[in-house]
Every structure is written in C-alpha cells, then in structure tokens.
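Student: Attaching a single structure in structure tokens format; questions to follow.
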Amino acid sequence: LMTTTEVENFPGFPGAILGPKLMENMQLQAKRFGSICLIEDAISIDLSKETFLVKGSKSEYSTHSIIIATGANAKRLDIPGANDGEFWQKGVTACAICDGAAPIFRDKDLFVIGGGDSAVEEAVFLTKYGKKVYIVHRRDQFRASKIMAQRALDHPKIEVLWNSEIIEILGDNIVGEVVVKNNKTNKTEKRVAAGVFFAIGHTPNTSFLNSQVTLEPNGYIKVEKGTTKTSIDGVFAAGDVQDYTYRQAVTAAGSGCMAALDVEKYLLDKGFLH
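Oh and the sequence shown: position 96 is 300 in the numbering used here, straight run, nothing missing.
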C-alpha cells in the first residue's frame, strides 16, 4: 500500500484514497487504542525458546508472541520505464484486480506481461475496463491451464503477442507507449498503451525466518486452516506472507484481525494475560 497511488477497492472509501494516507490512518487508529509503533527494520528473529527474541535495526525485543506480516513482493522485470521513480504506479503495476478499475485505464489499450494462470486471469479481468488487452508472452504457448488459456484465446478483447517482450515503457507523466520486441524476428514496434501489468508471480518475504517456521512449497508461511497459527506456538502469520490466493488489502486486513484475536487467546491460555 505504501507504493500504491490510489486505492480504489478498500471498503469505506468510495472516492478512493492514497495508499500512504490509508496506512497513516491505520497507524493513527492503532495508536488511539494504545499500540506503540516502532519505526525500524526487523533484522532477524529467534524462535528457539518460549520467549522469542526480535533483533531490530535499533534495539532487541523479547516477546511471548509474534505476528509475521511482512507481505510479498511482486516480481518485476528490469524494463526501462517500469522502475520506481519512472512509471511504477503511474500506469505500471503488478495487480490488475487492485488497480484495474482506475480511471487512467478505462477504455484504453492495456498490456499484461506473463503466460501463466495469473496473467490470463488478470487479462480477462481487465477486459471489463480496457478497450483492448494484450498479453505479452515470451514463449509460443501459455503455461496456464488449458481452460484458462482458452478463455483468453476466445475473448474478443484479448490479443496474445507470442514470442514477444516489452523492452521499454514510454510516456510523459504516465504510461503512453510500450516498445514490443518479437524475439523470433527481432523486430520492434511502438504501441499505444495506458497500462502495463506484471503478472509473473510474487516472492513472500520469509528469508529472514531462516526456515524456523514451516513454509508451503511455494515459500509462503503455512498456517493452520481457518486460523493464523504457524508451526510454532505463539507465532502467527497474517496478510500476503501467508496468502497466495487473494492478495488484497481488505483480505490482508481481515487476516490481521484474525491474528490479533489468535494472539489474545494464546496469551490468555498461557496465563500471560489476565
């Protein structure tokens, strides 16, 4: 959310709200209920004892419970124009469902980068808003399931650019064009574009855990079904670090609430709260 311009799909804000402003509001609300906010990086955690140790960039903290909510980073390609300070969040994004309804994308030509289920799903979703949606895939066939692939191939508003990649993103203040290269012919062409959507996966931020909690095969934290409990008593996980299905601000907030309630019950059961 801190890198998102306008958040269009968070409940209670019909006119949208800036991502950093939404985060600021959440922080102020948490402080009103007694939360202490520490602005520093968590360098490492030690979960080997019942009292956990968190090493921060400024201090160390001992605690009986931890909620891990470090999120996941969208994978991006190093394309000129796609980086922070260029057109990132100015037409370049990594979440069609989060950002696709924004006014800058409506009735415009949109480009999705990828070839798996996520890319196809996002392309189909974007047809609700865009005039034309192009899937740019560097191979000659999808990695997506046959059913999902056929949905894209049959859709009148979707065109697939096979064996191709976007090598540059151009524009003034927002995205205006993309340069597409065909890897078989080596020919390049400029195409009008209002949006570029990366759909090549996410990387959960779990490396600092050093395998102390059980992870899913895809690297996300494994939680007990219907809860936020991890493989270690007293350690809970919320948000996109454990959710590889929905990945929305509102679902992350909901799992954060679940984690807080799970922590409270854990501390009461252990006798740490009265």
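Even for Gly, the Cβ is constructed at its ideal location relative to N, Cα and C. Since the structure is predicted, the reported quantities are computational estimates derived from the model, not experimental observations.
(1) So the candidates are Ile317, Lys394, Tyr333 and Lys279; which of them puts its Cα closest to the Cα of Val364?
(2) Hey, how far is the Cα of Phe412 from the Cα of Thr389?
(3) If you count every other CB in all the chains shown that lies within 10 Å of the CB of Ala353, and 16 or more means buried, which is it?
(4) If you reduce the DSSP assignment to three classes, tell me which class Thr407 lands in.
(5) Would you mind giving the Cβ-Cβ distance between Val324 and Phe309, rounded to the nearest angstrom? I have them listed as a contact below 8 Å.
(6) Between Glu381 and Lys391, is the Cβ-Cβ spacing less than 8 Å?
(7) When the Cα atoms are used, what is the spatial distance from Ile371 to Gly399?
(8) Tell me where the alpha helix (DSSP H) around Ala327 begins and ends.
(9) DSSP beta-bridge partners for Phe402?
(10) Is the beta carbon of Asn213 less than 8 Å from the beta carbon of Thr407?
(11) Going by Cα to Cα distance, which pick from Thr255, Lys312, Tyr450 and Ala234 is closest to Ile378?
(12) For Glu210 and Ala306, which I take to be in contact (beta-carbon distance under 8 Å), what is that distance rounded to the nearest angstrom?
(13) Could you tell me which residues DSSP puts in a beta bridge with Ala246?
(14) Could you give the DSSP three-state label for Gly458: helix, strand or coil?
(15) Note down the Cα distance separating Ser368 from Ile404, rounded to an integer number of angstroms.
(16) Taking the C-alpha atoms as reference points, what is the distance between Leu232 and Ser349?
(17) Pair every Cβ in the region 265-284 with every Cβ in the region 452-468, then say whether three or more of these pairs are closer than 8 Å.
(18) Helix, strand or coil: which one does DSSP assign to Lys385?
(19) Could you tell me if Ser322 is buried or exposed, where buried requires 16 or more neighbouring beta carbons within 10 angstroms of its beta carbon?
(20) Confirm, please, whether the CB-CB distance from Thr434 to Gly423 is below 8 Å.
(21) Going by C-alpha to C-alpha distance, which of Lys361, Lys385 and Asn229 sits closest to Arg342?
Tutor: By the coordinates alone:
(1) On the sequence shown, residue 364 is found 160 positions in, with the first residue counted as 1. Measuring from the Cα of Val364, the nearest candidate turns out to be Ile317.
(2) The residue you call residue 412 lines up with position 208 of the sequence shown. The residue you call residue 389 lines up with position 185 of the sequence shown. C-alpha separation (whole angstroms): 43 Å.
(3) Along the sequence shown, read from residue 1 onward, the residue named residue 353 stands at position 149. Answer is buried; the Cβ neighbour count reaches 16.
(4) In the sequence shown, counting from the first residue as 1, residue 407 sits at position 203. The answer is strand: DSSP assigns Thr407 an E or B state.
(5) By 1-based counting over the sequence shown, the position of residue 324 is 120. By 1-based counting over the sequence shown, the position of residue 309 is 105. A Cβ-Cβ distance of about 18 Å is found for the pair Val324 and Phe309, leaving them out of contact under the 8 Å criterion.
(6) Stepping through the sequence shown from its first residue, residue 381 is reached at position 177. Stepping through the sequence shown from its first residue, residue 391 is reached at position 187. No.
(7) Residue mapping note: residue 371 aligns to position 167 of the sequence shown, counting from 1. Residue mapping note: residue 399 aligns to position 195 of the sequence shown, counting from 1. Near 14 Å, if we compare the C-alpha coordinates of Gly399 and Ile371.
(8) As a first step, residue 327 is located in the sequence shown; it is residue number 123 there, counting from the start. Start and end: Asp321 to Leu330.
(9) Numbered from its first residue, the sequence shown carries residue 402 at position 198. Beta-bridge pairing links Phe402 to Ile317.
(10) Stepping through the sequence shown from its first residue, residue 213 is reached at position 9. Stepping through the sequence shown from its first residue, residue 407 is reached at position 203. No, Cβ-Cβ distance for Asn213 and Thr407 is not below 8 Å.
(11) Taking the first residue of the sequence shown as 1, we reach residue 378 at position 174. It is Lys312.
(12) Reading the sequence shown from its first residue, position 6 is the one you call residue 210. Reading the sequence shown from its first residue, position 102 is the one you call residue 306. At roughly 6 Å, the Cβ-Cβ gap stays under 8 Å, so Glu210 and Ala306 are in contact.
(13) If you number the sequence shown from 1, residue 246 lands on position 42. Per DSSP, Gly260.
(14) Against the sequence shown, residue 458 aligns to sequence position 254. Helix, per DSSP.
(15) Translated into the one-based positions of the sequence shown, residue 368 becomes position 164. Translated into the one-based positions of the sequence shown, residue 404 becomes position 200. Distance between the alpha carbons of Ser368 and Ile404: 15 Å.
(16) The sequence position of residue 232 within the sequence shown is 28, counting from 1. The sequence position of residue 349 within the sequence shown is 145, counting from 1. Cα to Cα, Leu232 sits roughly 44 Å from Ser349.
(17) yes
(18) Mapped onto the sequence shown, residue 385 falls at position 181. The three-state reading of DSSP puts Lys385 in strand, counting E and B together.
(19) Taking the first residue of the sequence shown as 1, we reach residue 322 at position 118. Under this definition Ser322 is a buried residue.
(20) The residue labelled residue 423 in the question sits at position 219 within the sequence shown. The residue labelled residue 434 in the question sits at position 230 within the sequence shown. In this structure, Thr434 does not lie closer than 8 Å to Gly423 by Cβ.
(21) Here residue 342 refers to the residue found at position 138 when the sequence shown is read from its first residue. Nearest of Lys361, Lys385 and Asn229 to Arg342, Cα basis: Lys385.
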